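Using numbering that gives the first Met the number 0, the first residue of the sequence shown is number 0, and each one after it goes up by one.
The C-beta atom is built at its ideal place from N, Cα and C for all residues, glycine as well.
What you are looking at is a predicted structure, and each value in this text was computed from that prediction instead of being measured.
Shown next, in structure tokens, is the structure this report addresses.
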Amino acid sequence: MTRITRFGRAGLLLAVAGLAGLKPVYGPQVFAQTTASVVQAQAPLTEEEQKVVGYVLEQIGKSKAGKPNFGPETAAAVKKDLGITVAPPMVPRIRAAVVEELKRLEARLTLKEGSKAPDFSLPTLNGGTVKLSDLKGKVVVVNFWATWCPPCLQEMPVLNELSVAYKDKAVVLGLSLDEEGLPITEAFVKKLGVTYPIVESDKKTYQAYGNVLTIPHTFVIDKNGVVKNRFVGNQDKTDFEAALKAAM
């Protein structure tokens, strides 16, 4: 299976075979609107390229599997469903159009900095429950992630280190978007040596946080429950630590 991913500090959306990052929580109806707008907005594209861009966006909206990078699987799907052969010169243009539209979509959907962080009560790996409002008075880092997301796994040791260093002033929460359930999640957490609370996100929560489009996606919430920073993509320790200190 191929997936969309956003990775690196630059925060650019990139589609890479076998990597993960996209969680299509907003549904096909959003992409129906997006598809219509991108066909009109991307004037430099040929008619065939516009059709392929719309097709890719529609597929992303239907499933967390997708591949705007146009590997063999995606090219074959486009050929089968649209009857269009994706030639090599078309690939960078189509990819750029998809990336730009996803960035615009995310800007419209995501919970903004300065907003009140929505409360949630979610189950933990150990059978307990974590409620955001119970943590008022501490800085809270809400990190949306999944086991199939390599960039997520790369930054988890950094988050774990910070959770230990600032345990008296801050709490890190890992909100898993895995569909396989907590047992699968628990195995990955143990392997990584993560000690901060991992909880299972639900539809209501990721919708409340702006229909998280790509992961890892992290919100730094201050002691008063206000979103102070939002990070998309895996970050380094310096960026996270600066955000934590600013929120204290």
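When Cβ pairs closer than 8 Å are counted between the two stretches, the region 121 to 141 is seen not to touch the region 82 to 90, the count staying below three. If only complete runs of 4 or more residues are kept, the region 174 to 202 shows the alpha helix (DSSP H) at 181 to 191, in order along the chain. According to the DSSP assignment, Val-225 belongs to no beta strand (DSSP E), since it is labelled neither H nor E.
By alpha-carbon distance to Asn-142, the top candidate from Pro-88, Ala-116, Gly-126 and Asn-125 is Ala-116.
Nearest to Arg-103 by C-alpha distance, out of Thr-237, Val-225 and Thr-213, is Thr-213. Nearest neighbour of Pro-149 by Cα position, chosen from His-216, Pro-71 and Gly-224, turns out to be His-216. With 16 or more other CB atoms across the displayed protein chains lying within 10 angstroms of its CB, Lys-227 is buried. One alpha carbon belongs to Tyr-165, the other to Glu-72, and they sit about 45 Å apart. Taking C-beta atoms as the reference points, Arg-92 and Glu-48 count as a pair closer than 7 Å. Apart from sequence neighbours up to five positions away, the residues of its chain that approach Val-140 with a beta-carbon distance below 6 Å are Val-171 and Val-219, ordered along the chain. The region 152 to 161 makes contact with the region 186 to 196; the number of CB pairs closer than 8 Å reaches 3 or more. Between Thr-123 and Val-51, the C-beta gap is not smaller than 7 Å, which leaves the two residues out of contact. Shown here for Leu-110: same chain residues with a beta carbon closer than 8 Å to its own, the five before and five after excluded, namely Ala-116, Pro-117, Ala-207, Tyr-208, Gly-209, Phe-218, Val-226 and Arg-229 in chain order. By DSSP's assignment, Ala-169 forms a beta bridge with Val-138.
Taking a 10 Å sphere around the C-beta of Gly-180, we find fewer than 16 other C-beta atoms and assign the residue as exposed. Look at Val-231 here: in three-state DSSP terms it is strand. Counting C-beta atoms within 10 angstroms of its own C-beta, Thr-45 has fewer than 16 neighbours from the protein chains shown and is therefore classed as exposed.
Cα atoms of Glu-178 and Glu-154: separation of roughly 21 Å, rounded to the nearest angstrom. Nearest to Ser-120 by C-alpha distance, out of Gln-234, Phe-239 and Lys-203, is Lys-203. The closest CA to that of Val-90, considering only Val-163, Lys-79 and Ala-74, is found on Ala-74.
Distance check between Ala-186 and each of Gln-58, Gly-126, Tyr-54 and Thr-146 places Thr-146 closest, using alpha-carbon atoms only.
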